[in-house]
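Asker: Here numbering that gives the first Met the number 0 is used: position 55 in the sequence shown is 54, and no number is missing along the way.
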Amino acid sequence: MEVPFYLTYKEFENTYYDNLERWFEQEGNASETDYLKHLADMYAPYLYYNFSLERLQADASVKIKDCFFPYHERIGISFCTGCDHGKAKHAEKMNHVFEWKTITMMEYAQHILDKVNDYIFRNRITLNNGQCILDYLSEREVVTFRNGAGYCIDFSQHLAVLPFLKAYLPCSGKTVNMAAYRDFLFSVVQIAEYIDRKLEDVHASEYTIRNRLKSDAKFRVQVNQHFLTFCN
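1. Per the DSSP calculation, Val61 is bridged to which residue(s)?
2. Measuring CA to CA, which of Phe163, Phe97, Lys173 is closest to Tyr118?
3. Can you tell me whether Met105 is buried or exposed, with buried defined as 16 or more other CB within 10 angstroms of its CB?
4. Taking the alpha-carbon of Gln56 as reference, which of Val201, Glu192, Arg196, Leu198 has the nearest alpha-carbon?
5. Which value, in whole angstroms, describes the spacing of the CA atoms of Val160 and Arg145?
6. Relative to the C-alpha of Asn116, which candidate in Ile102, Asp134, Trp99 has its C-alpha closest?
7. Under three-state DSSP, which class holds Tyr150?
8. Report yes if the C-beta distance between Phe108 and Leu164 is below 9 Å; otherwise report no.
9. Figure out for me which residue from Tyr167, Tyr150, Lys64 has the closest Cα to the Cα of Ala179.
10. Please report the Cβ distance between Lys114 and Ile63, rounded to the nearest whole angstrom; I am assuming they are in contact, meaning their Cβ atoms lie under 8 Å.
11. Output the distance between the C-alpha atoms of Val201 and Thr207, rounded to the nearest integer angstrom.
12. Could you tell me the alpha carbon to alpha carbon distance between Gly149 and Ser30, rounded to whole angstroms?
13. Taking one C-beta from the stretch 124-134 and one from the stretch 180-188 each time, how about it: are there three or more such pairs within less than 8 Å?
14. To which residues of the same chain is Glu98 closer than 7 Å at the C-beta, ignoring the five residues directly before and after it?
15. To which residues does DSSP link Val141 through a beta bridge?
16. Which residue from Gln156, Glu1, Met0, Leu6 puts its Cα closest to that of Asn176?
17. Do you know offhand how far Ile190's Cα is from Asp215's?
18. Determine the DSSP secondary structure at Gln189, reduced to helix, strand or coil.
19. Apply the 10 Å Cβ neighbour rule to Cys16 and answer buried if 16 or more other Cβ atoms are within range, or exposed otherwise.
20. As a quick exercise: from Glu53, Met0, Tyr8, Glu140, pick the residue whose alpha carbon is nearest that of Gln25.
21. Answer yes or no: do Ala203 and Thr32 have a C-beta to C-beta separation smaller than 9 Å?
22. Given a cut-off of 9 Å on the beta-carbon distance, is the pair Val187 and Ala59 in contact?
23. For Gln156, which beta-bridge partners are listed by DSSP?
24. Inspect the beta-carbon positions of Arg237 and Ala43 and report whether they are closer than 9 Å.
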């Protein structure tokens, strides 16, 4: 079952039991614990544990490769890198480089929206008969296409954030909704806390988002401490 992703706490809370009922109908012997674990997997990537405040906080961001050719992009010349759709003859002599960037999910969503609109324009596609921009979000050819420099989309990573994109991106249009994104940042912590309360109610607190992210944060701190000790 494809569980809906919600951008507001009110929608999530109001539809919880309806979606749970559909989960039972479609997943056979699955339990509410299984459903809650699935929800935790969906929302945990947009949160982190703050040790100072001892609570969850929103962190809707994604790490992405910003690919470019050194020197050449600066003078307005771009080449096909060949990393997505076959190599141009110049690509064998020139290798693209990249730097890692962290961008917000709103920026990522806008980038994907631009890609889909560009694909529709280049292929002279007319959206009709119920067709929608969302229909193209899982098309590898669409989301990984790159003409010259730009962000290199990791398709596996992209598939992981599809539920958010399907909930956030418009069915038509060229810009994302900033107000809806702010609502999500405000609501995602409340949603996580609701999931965690339900997990505690079914005696599965070891699967709470809070415990998972707190453990992850502790591990990162330990790794950084070991790294600093090694460097010294």
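Virtual Cβ for every residue (Gly too), placed ideally from N, Cα, C.
Answerer: According to the data block:
1. On the sequence shown, position 62 is the one that residue 61 refers to. In the DSSP output, where bridge partners are listed per residue, Val61 has Ile102.
2. Walking along the sequence shown from the start, residue 118 turns up at place 119. It is Lys173 whose Cα lies nearest to the Cα of Tyr118.
3. The count along the sequence shown starts at 1 and reaches residue 105 at position 106. Answer is buried; the Cβ neighbour count reaches 16.
4. Locating residue 56 in the sequence shown gives position 57, where the first residue counts as 1. Selected option, being the one with the closest Cα: Glu192.
5. Here the question's residue 160 lines up with position 161 in the sequence shown. Here the question's residue 145 lines up with position 146 in the sequence shown. Inter-residue distance for Val160 and Arg145 is about 20 Å (C-alpha atoms, whole angstroms).
6. Along the sequence shown, one-based indexing puts residue 116 at 117. Comparing alpha carbon positions, the residue from Ile102, Asp134, Trp99 closest to Asn116 is Asp134.
7. Within the sequence shown, residue 150 is the residue found at index 151, counting from 1. It is a strand residue.
8. Within the sequence shown, residue 108 is the residue found at index 109, counting from 1. Within the sequence shown, residue 164 is the residue found at index 165, counting from 1. Note on residue identity: the sequence assigns Ala, not Phe, to residue 108. Yes, the pair counts as a contact, with Cβ atoms nearer than the cut-off.
9. As a working note, residue 179 is residue 180 in the sequence shown. Of the listed residues, the one whose Cα sits closest to Ala179 is Tyr167.
10. Taking the sequence shown and counting its residues from 1, one reaches residue 114 at position 115. Taking the sequence shown and counting its residues from 1, one reaches residue 63 at position 64. About 13 Å; that fails the 8 Å criterion.
11. Position 202 of the sequence shown, counting from 1, holds the residue named residue 201. Position 208 of the sequence shown, counting from 1, holds the residue named residue 207. Approximately 11 Å between the Cα atoms of the pair.
12. In the sequence shown, the residue the question calls residue 149 occupies position 150. In the sequence shown, the residue the question calls residue 30 occupies position 31. Between Gly149 and Ser30, the C-alpha separation is close to 44 Å.
13. The answer is no - the stretch 180-188 does not touch the stretch 124-134, with fewer than three Cβ pairs under 8 Å.
14. Position 99 of the sequence shown, counted from the start, is the residue given in the question as residue 98. Closer than 7 Å at the Cβ level, and outside the excluded window around Glu98, lie Asp65.
15. Working through the sequence shown from its first residue, we reach residue 141 at position 142. According to DSSP, which records beta bridges pairwise, Val141 is partnered with nothing at all.
16. Within the sequence shown, residue 176 is the residue found at index 177, counting from 1. Asn176 has its Cα closest to that of Leu6, out of Gln156, Glu1, Met0, Leu6.
17. As a position in the sequence shown, residue 190 is number 191, starting the count at 1. As a position in the sequence shown, residue 215 is number 216, starting the count at 1. Linking Ile190 to Asp215 through their CA atoms gives a straight-line distance of about 20 Å.
18. Start at 1 with the first residue of the sequence shown, and residue 189 comes out as number 190. In the structure shown, Gln189 sits in a helix (DSSP, three-state: H, G or I).
19. Stepping through the sequence shown from its first residue, residue 16 is reached at position 17. Here residue 16 turns out to be Tyr, not Cys, going by the sequence shown. So Tyr16 ends up on the exposed side.
20. By 1-based counting over the sequence shown, the position of residue 25 is 26. Closest by alpha carbon: Met0.
21. Locating residue 203 in the sequence shown gives position 204, where the first residue counts as 1. Locating residue 32 in the sequence shown gives position 33, where the first residue counts as 1. Yes, they are a contact pair.
22. Position 188 of the sequence shown holds residue 187. Position 60 of the sequence shown holds residue 59. For Val187 and Ala59, yes; Cβs fall inside 9 Å.
23. Position 157 of the sequence shown, counting from 1, holds the residue named residue 156. According to DSSP, Gln156 bridges with nothing at all.
24. Lying outside 0 to 231, the shown extent of the chain, residue 237 is not represented and no answer is given.
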